[in-house]
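Protein chains in written order, with the numbering used here: chain A, 1 to 125; chain B, 126 to 519.
Think of the CB as a built atom: it goes at the ideal place given N, C-alpha and C, for glycine as much as any other residue.
One structure is given here, and the rest of the page talks about it.
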Amino acid sequence: MTDLNALHYTDEHEWIAGGGDTVTIGITDYAAEKLGDVVFVELPAVGTEITSGAVVGEIESTKSVGELYAPVSGTVVEINDAVVDDPSLVNAEPFEGGWLIKVSVADGATDGLLDRDAYVALTEG
Amino acid sequence: MSDPRYTPLRERHEALGASFTDFGGWQMPVRYTSDLAEHHAVRRAAGLFDISHMAEFLITGDYAAEFLDFALAGRISSMPVGKAKYSLVLSDDGGIIDDVIAYRLAEDRYLVIANAGNRGAVDSAFASRVRAFPSRIERELPERAEGEERSFAGFLGDRGVDVEDVSDTYALLAVQGPAAEAIVAATQGITELGTPWAEQKYYAWAEAYFLGQPLLIARTGYTGEDGFELLVREGDAPALWDALLSAGEPHGLVPAGLAARDTLRLEAGMPLYGHELTRETKPAQAGLGRVVAADKDDFVGKDALDAAPDAPVLVGLTAEGKRAGRAGYAVVAASGETLGEITSGALSPTLGHPIAMAYVHPSSAEEGTEVFLDVRGTRIPATVTALPFYRRTK
Numbered sequence: 001m002t003d004l005n006a007l008h009y010t011d012e013h014e015w016i017a018g019g020g021d022t023v024t025i026g027i028t029d030y031a032a033e034k035l036g037d038v039v040f041v042e043l044p045a046v047g048t049e050i051t052s053g054a055v056v057g058e059i060e061s062t063k064s065v066g067e068l069y070a071p072v073s074g075t076v077v078e079i080n081d082a083v084v085d086d087p088s089l090v091n092a093e094p095f096e097g098g099w100l101i102k103v104s105v106a107d108g109a110t111d112g113l114l115d116r117d118a119y120v121a122l123t124e125g
Numbered sequence: 126m127s128d129p130r131y132t133p134l135r136e137r138h139e140a141l142g143a144s145f146t147d148f149g150g151w152q153m154p155v156r157y158t159s160d161l162a163e164h165h166a167v168r169r170a171a172g173l174f175d176i177s178h179m180a181e182f183l184i185t186g187d188y189a190a191e192f193l194d195f196a197l198a199g200r201i202s203s204m205p206v207g208k209a210k211y212s213l214v215l216s217d218d219g220g221i222i223d224d225v226i227a228y229r230l231a232e233d234r235y236l237v238i239a240n241a242g243n244r245g246a247v248d249s250a251f252a253s254r255v256r257a258f259p260s261r262i263e264r265e266l267p268e269r270a271e272g273e274e275r276s277f278a279g280f281l282g283d284r285g286v287d288v289e290d291v292s293d294t295y296a297l298l299a300v301q302g303p304a305a306e307a308i309v310a311a312t313q314g315i316t317e318l319g320t321p322w323a324e325q326k327y328y329a330w331a332e333a334y335f336l337g338q339p340l341l342i343a344r345t346g347y348t349g350e351d352g353f354e355l356l357v358r359e360g361d362a363p364a365l366w367d368a369l370l371s372a373g374e375p376h377g378l379v380p381a382g383l384a385a386r387d388t389l390r391l392e393a394g395m396p397l398y399g400h401e402l403t404r405e406t407k408p409a410q411a412g413l414g415r416v417v418a419a420d421k422d423d424f425v426g427k428d429a430l431d432a433a434p435d436a437p438v439l440v441g442l443t444a445e446g447k448r449a450g451r452a453g454y455a456v457v458a459a460s461g462e463t464l465g466e467i468t469s470g471a472l473s474p475t476l477g478h479p480i481a482m483a484y485v486h487p488s489s490a491e492e493g494t495e496v497f498l499d500v501r502g503t504r505i506p507a508t509v510t511a512l513p514f515y516r517r518t519k
């Protein structure tokens with residue numbers, strides 16, 4: 001299991017793992033639960049330059065559409081093809097098999113993101 | 126805003142881990158586990174829905190039948206006792222105030238079930254229509270012969286019809302799916318069934334008792350599957366919910382929320398008030414011309430039934446891939462010209478491709494017409510398709 005306390009979070013309900021050159025990004029269990037069953041995921045292509053705060057993808061459930069906001073700036077180096085083929089992974093394993101993209105980032109890219117306690121406080125508020 | 130309301134089954138839903146959503150001022154279960162699993166359960170086995178938020182009205186009196194002929198779009202008076210009929214509450218200008226089901230309980234007694242969000246609108250429509258309905262004096266007292274002495278005081282104000290909003294007295298549960306009949310037949314506590322389960326017809330009702338209390342059973346639903354809707358007094362709803370779930374477990378019955386209910390009704394091509402039906406929609410635009418008995422003498426909306434020749438009409442749309450058009454998205458031509466707007470859309474869980482209902486210009490409404498859906502800036506090709514998208518095999 002993923003150590004949820006080791007992740008960074010955003011108020012758009014993304015999680016960010018790793019603090020080195022490359023980070024992994026997904027959406028939280030809270031976001032997955034709110035969306036309902038995810039049936040379609042659109043991710044940016046490998047090589048795309050993304051800017052923190054910009055919309056870079058979409059996550060659709062039977063009921064609604066969620067936008068994927070870039071939580072950091074950097075270059076997409078890998079996307080999760082498994083989740084494109086089987087979007088239900090986002091619901092089943094939001095922190096593991098349901099990860100979305102890996103992004104190469106500069107030092108300090110995760111500064112200012114929420115820690116676990118701050119994120120949990122946000123979702124309970 | 127008033128406080129959100131909960132049905133008598135709130136504790137059952139919470140114990141099952143339901144997520145709640147606002148619907149017509151009510152906090153209703155949107156899903157218990159997975160809306161896709163709940164959707165598939167209804168198509169393959171059965172689902173149990175709490176629809177207690179819906180509004181119920183009793184229309185009673187010597188002229189109840191004539192009153193409903195006046196107040197609703199359909200011919201309600203010719204429906205025999207034991208049957209139910211889908212109908213519309215129209216406004217004076219021919220728009221749709223609500224879609225309802227009327228059940229004839231007795232010669233002089235009807236139950237009308239309306240949408241939760243339209244409870245107030247239907248209540249005021251009925252109240253003003255009672256006032257506009259001819260009085261008993263006008264109907265029954267012939268012209269007085271000259272010199273004849275007669276008292277009319279006893280009839281003053283009597284219109285021969287009473288309307289009562291009984292929504293707070295009753296709860297409504299729905300068991301929907303191919304296993305529905307086997308499940309209700311196995312449910313403990315239902316006694317003195319008026320009509321054997323297998324003999325109950327679609328859009329008919331039967332009476333029974335549940336734990337000694339009155340239970341009204343209708344073979345109706347909003348999913349495109351066989352099924353029953355069960356009306357009980359509020360206090361009896363939790364026990365009935367438990368009895369149905371327990372009888373249904375061996376048959377694959379699962380509790381199902383509003384998310385599944387919405388994709389099920391969309392596949393079945395059934396309109397949802399506020400999406401396909403509004404005050405600005407005339408029945409003919411929504412494909413509901415058959416529901417209106419235009420040859421009735423007088424009824425509210427009669428003089429305004431005709432829609433403009435270029436008024437948008439409701440169509441079904443299918444597309445390929447996985448990206449669904451959603452309510453509010455534009456339907457456009459190859460030229461980019463806007464043809465209309467989607468009112469409901471989803472990736473169909475049963476069919477595996479996107480489906481939608483939309484209002485489009487009549488020139489684009491013919492089956493097979495190729496159009497595009499503007500899905501957040503991306504154009505998705507779609508085809509005008511006959512409704513429903515899904516029809517159960519009998």
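Remark: three or more beta-carbon pairs, one from each stretch, lie closer than 8 Å, so the segment 418-438 of chain B and the segment 486-504 of chain B are flagged as touching. In the three-state scheme derived from DSSP, where H, G and I count as helix and E and B as strand, residue 79 of chain A is classed as strand. Per the C-alpha coordinates, the member of B:410, B:518, B:183, B:374 positioned closest to residue 252 of chain B is B:183. Identification of chain B residues near residue 62 of chain A by a Cβ-Cβ cut-off of 8 Å yields 160, 161, 164, 384, 388, 471, 472, 474, ordered along the chain.
Runs of the alpha helix (DSSP H) lying entirely within the segment 155-217 of chain B, each at least 4 residues long, are 160-169, 189-196 in chain order. For residue 39 of chain A, the neighbours in chain B by C-beta distance under 7 Å run, in chain order, 447, 472. Assignment of residue 328 of chain B by DSSP, reduced to helix, strand and coil, places it in the coil class. The alpha helix (DSSP H) runs of length 4 or more contained entirely in the segment 269-311 of chain B are, from start to end of the chain, 305-310. Boundaries for residue 259 of chain B: no beta strand (DSSP E) harbours it, and the DSSP string shows neither H nor E there. Residue 344 of chain B is not a Cβ neighbour of residue 366 of chain B, given a cutoff of 9 Å.
Burial check for residue 519 of chain B: the Cβ neighbour count within 10 Å stays below 16, so the residue is exposed. For residue 62 of chain A, the closest alpha carbon among the candidates B:384, B:230, B:168, B:208 is that of B:384. With contacts defined as CB atoms closer than 9 Å, residue 443 of chain B and residue 494 of chain B fail to qualify as a contacting pair. Between residue 103 of chain A and chain B, the shortest Cβ-Cβ separation is not below 9 Å. Between residue 353 of chain B and the set B:420, B:173, B:430, the nearest pair of CA atoms involves B:173. The secondary-structure analysis by DSSP pairs residue 387 of chain B with nothing; it has no beta-bridge partner. Straight-line measurement puts the Cα of residue 223 of chain B at about 9 Å from the Cα of residue 212 of chain B. Contact between the segment 413-421 of chain B and the segment 448-459 of chain B is absent: fewer than three C-beta pairs spanning the two stretches fall below 8 Å. As the crow flies, the alpha-carbon of residue 147 of chain B is around 19 Å from that of residue 124 of chain A. Considering only A:52, A:99, A:84, the residue with the shortest C-alpha distance to residue 105 of chain A is A:52. If you draw a 10 Å sphere on the C-beta of residue 121 of chain A, you find fewer than 16 other C-beta atoms in it, and that means exposed. Remark: fewer than three beta-carbon pairs, one from each stretch, lie closer than 8 Å, so the segment 26-38 of chain A and the segment 105-118 of chain A are not flagged as touching.
For residue 35 of chain A, there is no enclosing beta strand (DSSP E); the enclosing alpha helix (DSSP H) covers residues 29-35.
Distance from the CA of residue 166 of chain B to the CA of residue 379 of chain B, rounded to the nearest whole angstrom, comes to 7 Å. Residue 456 of chain B is outside the set of residues whose beta carbon lies under 9 Å from a beta carbon in chain A. DSSP, reduced to helix, strand and coil, places residue 89 of chain A within a helical segment of the structure shown. With a threshold of 9 Å between beta carbons, residue 124 of chain A makes no contact with chain B. Around the C-beta of residue 326 of chain B, fewer than 16 other C-beta atoms lie within 10 Å, and the residue is accordingly described as exposed. Look at residue 451 of chain B: its C-beta is under 9 Å from a C-beta on chain A.
Within the model, the alpha-carbon separation for residue 299 of chain B versus residue 515 of chain B is close to 20 Å. In this structure, residue 171 of chain B sits near residue 350 of chain B, with a CB-CB distance shorter than 9 Å. When the five nearest sequence neighbours on each side are left out, the beta carbons in the same chain lying within less than 6 Å of the beta carbon of residue 359 of chain B are those of 133, 296, in order along the chain. Within the same chain, Cβ atoms closer than 7 Å to the Cβ of residue 141 of chain B are found at 157, 380, the five residues on either side in sequence being excluded. Shown here, residue 427 of chain B sits in a helix according to DSSP, grouped into three states. Residues of the segment 142-159 of chain B with a C-beta atom less than 8 Å from some C-beta of chain A are 144, 155, 156, 159, listed in chain order. Contact of residue 36 of chain A with chain B by beta-carbon distance below 9 Å involves 144, 155, 156, 159, 160, 161, 384.
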